[in-house]
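Participant: Quick one: this structure, given as structure tokens, is what I'll be asking you about.
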Amino acid sequence: MMNVQLSLDETYADVKPIRKNPNDVSAYVSVMRGCNNMCSYCIVPFTRGRERSREMDTIVDEARRLFEMDNVKEVVLLGQNVNSYHDRSDAAVLANPTSRYVTSTQDFTNMFARQKNGGYYFADLLDAVSQISPELRVRFTSPHPKDYPTELLHLMAERDNICNQLHMPVQSGSSSVLQRMRRGYSREAYLDLIDLVKDSIPEVA
Numbered sequence: 055m056m057n058v059q060l061s062l063d064e065t066y067a068d069v070k071p072i073r074k075n076p077n078d079v080s081a082y083v084s085v086m087r088g089c090n091n092m093c094s095y096c097i098v099p100f101t102r103g104r105e106r107s108r109e110m111d112t113i114v115d116e117a118r119r120l121f122e123m124d125n126v127k128e129v130v131l132l133g134q135n136v137n138s139y140h141d142r143s144d145a146a147v148l149a150n151p152t153s154r155y156v157t158s159t160q161d162f163t164n165m166f167a168r169q170k171n172g173g174y175y176f177a178d179l180l181d182a183v184s185q186i187s188p189e190l191r192v193r194f195t196s197p198h199p200k201d202y203p204t205e206l207l208h209l210m211a212e213r214d215n216i217c218n219q220l221h222m223p224v225q226s227g228s229s230s231v232l233q234r235m236r237r238g239y240s241r242e243a244y245l246d247l248i249d250l251v252k253d254s255i256p257e258v259a
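The working numbering puts the first residue of the sequence shown at 55, with every later residue one more than the last.
Given below as structure tokens:
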């Protein structure tokens, strides 16, 4: 008999990735596992489980080692919904006891309320990793459009080593299709977000 129950807290933070080419100047750093979005067409929550994030300090330490010891010049923060990252460890909640979670705009919805806890959010993580060194470029993928609060966009605009490039999944240009997909936003909300991104981050790609 095989146990196929998916963990609610395993992040594999203690597993050190093996780099196939140690001479690469870019490296992926996994920051979270799973997905809570439950889009109507997607199997990910049932194969990878619910979202659970690594503690922020372990991610920053891994990125610092890559930069200082492995000569990596660019790290890519990686997660199924990377910008919904949320470190809810005891230490994180103690440092930030009040929730600061907001969706991109009021026209986006999140069907899960887990962000009501305090802790560290994606903007905190991106800020910490980008402060390792101004010579370290930072990117991230794959995001969900609902989790681009203005705090995150302003950080990207202000920090020179955070690349002005976003992966912004479209999924559909039809609001009725997006509703059936359970994406949590309409065509109009998505286009308004794109306008906000362009206003916030000059020359964004």
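By construction, the Cβ of each residue, glycine as well, lies at the ideal position given by its N, Cα and C atoms.
1. Just to check my reading of the structure: Arg234 and Ser94 have Cβ atoms closer than 8 angstroms, yes? What is that Cβ distance to the nearest angstrom?
2. At which residue ranges does the segment 149 to 229 contain complete beta strand (DSSP E) runs of 3 or more residues, listed in the order of the chain?
3. May I ask you to list the residues that DSSP assigns as paired with Asp124?
4. Please classify Ser138: is it buried, with 16 or more other beta-carbons within 10 angstroms of its beta-carbon, or exposed?
5. Looking only at DSSP bridge pairs, what is Tyr82 linked to?
6. In whole angstroms, what is the alpha-carbon distance linking Arg191 and Phe176?
7. Which term fits Lys200, buried or exposed, when burial requires 16 or more other beta carbons within 10 angstroms of its beta carbon?
8. Could you spell out the range, first to last residue, of the alpha helix (DSSP H) harbouring Ile248?
9. Cβ of Arg117 within 8 angstroms of Cβ of Val183?
10. Whole angstroms is fine: what's the gap from Ile255's alpha carbon to Asn215's?
11. Give the range of the alpha helix (DSSP H) segment to which Val136 is assigned.
12. What would DSSP say about Cys106, mapped onto helix, strand or coil?
13. Helix, strand or coil: how does DSSP classify Arg87 here?
14. Report the partner residues of Asp141 according to the DSSP bridge assignment.
15. Just the C-alpha distance for Leu207 and Asn75, rounded to the nearest angstrom, thanks.
16. Kindly indicate which residue of Glu122, Arg108, Asn164 has the alpha-carbon position closest to the one of Arg142.
17. Can you tell me the Cα-Cα spacing of Glu128 and Gln219, whole angstroms?
18. Just checking my contact of Pro71 with Gly88 at CB under 8 angstroms: how many whole Å lie between their CB atoms?
Facilitator: Put simply:
1. Indeed, because the Cβ distance is near 6 angstroms, the residues count as touching under 8 angstroms.
2. Here the runs fully enclosed are 191 to 195.
3. Under DSSP, no beta-bridge partner is assigned to Asp124.
4. By the 16-neighbour rule on beta-carbons within 10 angstroms, Ser138 is buried.
5. Beta-bridge pairing links Tyr82 to Val130.
6. Cα-Cα distance, rounded: 17 angstroms.
7. Buried, by the Cβ-count rule.
8. Its alpha helix (DSSP H) spans residues 241 to 254.
9. Looking at the sequence itself, residue 117 is Ala, so the reference to Arg does not match. The answer is yes: Cβ separation under 8 angstroms.
10. Those two C-alpha atoms are separated by around 13 angstroms.
11. Segment: none, Val136 is in no alpha helix (DSSP H) and carries neither H nor E.
12. For the sequence presented, residue 106 should be read as Arg rather than Cys. Note: Arg106 maps to strand in three-state DSSP.
13. DSSP places Arg87 within a strand segment (E or B) once states are collapsed to three.
14. The partner list for Asp141 (beta bridge, DSSP) reads Tyr174.
15. Whole-angstrom Cα-Cα distance: 33 angstroms.
16. Considering only alpha carbons, the answer is Arg108.
17. The alpha-carbon atoms of Glu128 and Gln219 are separated by roughly 13 angstroms.
18. Rounded, the Cβ-Cβ distance is 18 angstroms, inconsistent with contact.
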